Ligand code: COA
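In my numbering, the protein residues as written are 2 to 333.
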């Protein structure tokens with residue numbers, strides 16, 4: 002059985018907010034933000050919602066795949082910032098694009114969300130339950146951020162990316178001898194460190210109980226702990242996935258990593274002893290969009306013709322939970 006990504010898409014809000022704009026809101030500078038993170042600007046919603054961005058990205062992915070929305074079997078939306086608790090965003094997307102046959106639900110693994118959704122969809126396709134899936138990472142993080150907290154508000158942006166994956170019964174062997182599909186995956190979670198990157202929702206409140214301790218409903222982050230976690234765990238899980246597949250770093254053509262911080266990506270490349278040229282980046286232009294970063298980058302690479310049939314990609318993410326993962330994929 003082969004799994005192929007036959008379509009990708011993305012949707013970004015029109016409004017660009019530069020580091021110079023951020024310096025008008027909080028005590029920061031272009032030099033500090035660029036130097037510590039690599040980010041120069043980000044896109045911020047002026048009304049776009051998680052579901053509207055997700056639906057646009059999905060429509061693009063379906064057009065590229067040449068599929069009608071009615072043919073979609075499964076929609077998985079990875080998000081940690083839905084506008085509604087009920088219904089889930091995937092059902093909003095199903096309605097917006099007219100994918101009436103699809104089973105639709107959300108999955109929250111924060112910045113690892115798209116990767117976890119891809120692996121979940123893959124497992125469903127492997128069982129034979131579904132033949133295809135639309136997977137989406139979509140976030141409007143700007144509403145979860147305390148815009149007076151300079152240590153977090155400069156890092157994040159809004160956007161969505163989608164991929165349409167299809168199953169083919171026979172293996173598809175590419176010209177370079179590689180078989181298209183997912184070769185290996187590693188996923189992990191460490192809930193004991195959950196509070197180093199957190200955002201509260203509602204506390205318990207009902208006629209019988211009222212929580213007295215209130216936590217602000219904004220993103221809280223211990224940046225140094227997250228940095229240490231990412232620079233240790235990401236190369237370790239990529240290495241584990243490569244070892245499981247009997248591959249080395251040299252067998253990989255592109256490392257499509259979660260775009261949080263250029264220093265984290267450079268550190269991962271260094272620890273893996275991999276050429277940094279194999280790590281495409283777009284975070285300078287759009288910042289950290291949590292679950293949307295990997296599919297947006299994938300769509301940029303795909304539409305720019307930078308991924309060829311038979312290329313071996315490592316997709317790897319990390320984020321709140323804490324969660325992390327790596328998947329090895331040969332492009333079909
Ligand atoms: N502008 C200017 N100064 C800032 C600032 C900003 N936007 N944000 C924080 N600072 C200040 C701090 O107040 C501190 O000042 P002090 O020394 O006077 O107390 C100083 O800069 C250093 O802060 P620190 O938090 O130690 O900086 P850092 O080197 O750890 O860099 C991060 C901060 C957030 C860039 C870094 O920790 C990081 O990238 N962590 C990973 C975050 C991440 O990727 N999160 C997403 C995970 S999915």
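Ideal Cβ placement from N, Cα and C applies to all residues, glycine included. What you are looking at is a predicted structure, and each value in this text was computed from that prediction instead of being measured.
Closest residue to residue i among the options (Cα-Cα distance)
| i | options | result |
| --- | --- | --- |
| residue 78 | 26, 40, 134 | 134 |
| residue 68 | 269, 25, 197, 9 | 9 |
| residue 63 | 237, 300, 315 | 300 |
| residue 53 | 175, 159, 279 | 159 |
| residue 282 | 271, 263, 142 | 263 |
| residue 244 | 227, 99, 187, 274 | 187 |
| residue 322 | 286, 45, 81, 167 | 81 |
| residue 6 | 238, 165, 76 | 165 |
| residue 286 | 40, 219, 231, 145 | 40 |
| residue 14 | 57, 61, 201 | 57 |
| residue 49 | 209, 305, 33, 16 | 16 |
| residue 201 | 177, 145, 152 | 145 |
Residues that DSSP places opposite residue i in a beta bridge
| i | result |
| --- | --- |
| residue 75 | 104 |
| residue 65 | In the DSSP output, where bridge partners are listed per residue, residue 65 has none listed. |
| residue 330 | 183, 314 |
| residue 325 | 189, 319 |
| residue 222 | 198 |
| residue 121 | Bridge partners of residue 121: none, in fact. |
| residue 44 | 17 |
| residue 309 | According to DSSP, residue 309 bridges with nothing at all. |
| residue 230 | Its beta-bridge partners do not exist; DSSP assigns none. |
| residue 161 | 12, 139 |
| residue 174 | 180 |
| residue 56 | The partner list for residue 56 (beta bridge, DSSP) is empty, contrary to what the question assumes. |
| residue 257 | 316 |
Beta-carbon spacing of residue i, residue j below 8 Å
| i | j | result |
| --- | --- | --- |
| residue 328 | residue 183 | yes |
| residue 162 | residue 297 | yes |
| residue 107 | residue 91 | yes |
| residue 169 | residue 3 | yes |
| residue 137 | residue 94 | yes |
| residue 12 | residue 140 | no |
| residue 295 | residue 143 | no |
| residue 273 | residue 236 | yes |
| residue 66 | residue 99 | no |
| residue 269 | residue 232 | yes |
| residue 255 | residue 279 | yes |
| residue 320 | residue 89 | no |
Residue i versus residue j: straight-line alpha-carbon distance, rounded
| i | j | result |
| --- | --- | --- |
| residue 199 | residue 129 | 36 Å |
| residue 51 | residue 83 | 6 Å |
| residue 25 | residue 35 | 16 Å |
| residue 217 | residue 147 | 9 Å |
| residue 150 | residue 156 | 11 Å |
| residue 203 | residue 213 | 12 Å |
| residue 190 | residue 154 | 25 Å |
| residue 31 | residue 267 | 20 Å |
| residue 340 | residue 117 | Nothing about residue 340 can be reported from this structure: the residues present for the chain run from 2 to 333 only. |
| residue 226 | residue 312 | 34 Å |
| residue 47 | residue 179 | 44 Å |
| residue 175 | residue 72 | 26 Å |
| residue 261 | residue 332 | 24 Å |
| residue 250 | residue 172 | 24 Å |
| residue 253 | residue 304 | 20 Å |
| residue 315 | residue 330 | 6 Å |
Cutoff 8 Å: residue i Cβ touching any chain B Cβ
| i | result |
| --- | --- |
| residue 274 | The displayed structure is made up of one protein chain only, and chain B is not part of it. |
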